């Protein structure tokens, strides 16, 4: 069995003076990433692998959310994850080695939210919240994956948890 956690990057600055890929987290985003990180470690335990987009805001989310984690999981920063759609994200997940049981993917909307909706079993307890609207910055959806990674798209999977910075007691992040 595998567990997949999808995490959208925290709130980025407006980026009026930099390219989209180089937009840093805003002050509120940095606070939210730290809050999500505290919840993340308590909620999900250790990780084997982190896959992260090359965008600055995703890398900053990764560093703040995993600050103080021991042991640190293996981390891969991949350009193909930048603004990737759900089909590209599925292809990447299908290529994960079977020995990586607990995986965190940090990416962007709309692809991440579309992927979460495609993977989630509709009878899951948190499905209504996931379906109810957007996948806000700093949101995390966690799934139990019974199939091999190579077959992740063949089935719908139980949604173990869905958390947002707001549900963790702060502002949307």
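Numbering (this note's numbering), first residue to last: 2 to 174. The beta-carbon is built from N, C-alpha and C at its ideal position, and this holds for glycine as well. Note that this is a predicted model, so its numbers are computed, not measured.
The three-state secondary structure of residue 146, taken from DSSP, is strand. Proximity of the region 115-125 to the region 60-68 falls short of the contact definition, fewer than three beta-carbon pairs being nearer than 8 Å.
Distance between residue 150 and residue 23, taken at the CA atoms: about 31 Å. Assignment of residue 40 by DSSP, reduced to helix, strand and coil, places it in the helix class. Under the DSSP assignment, residue 75 falls in the beta strand (DSSP E) whose first and last residues are 75-79.
Annotated as distal: residue 108 and residue 86, with beta-carbon spacing of 7 Å or more.
The alpha helix (DSSP H) runs of length 4 or more contained entirely in the region 99-144 are, from start to end of the chain, 112-120, 128-132. Contact between the region 90-110 and the region 155-167 is absent: fewer than 3 CB-CB pairs across the two stretches fall below 8 Å. Annotation for residue 35: 65 place their beta carbon closer than 7 Å to its own, counting only its chain and skipping 5 residues before and after. Annotated three-state conformation of residue 88 is helix, per DSSP. By the Cβ rule, the region 80-94 counts as touching the region 46-64, because three or more pairs are nearer than 8 Å. Counted as a single uninterrupted DSSP element, the stretch harbouring residue 24 is not any alpha helix (DSSP H), since DSSP gives it neither H nor E. Separation of residue 103 and residue 48 (C-alpha to C-alpha, rounded to the nearest whole angstrom) is 5 Å.
DSSP places residue 66 inside the alpha helix (DSSP H), whose first and last residues are 57-66. In the same chain as residue 14, and ignoring 5 residues on each side of it, the C-beta atoms closer than 8 Å to its own belong to 24, 25, 26, 27, 30, in chain order.
For residue 54, the enclosing beta strand (DSSP E) begins and ends at 50-54.
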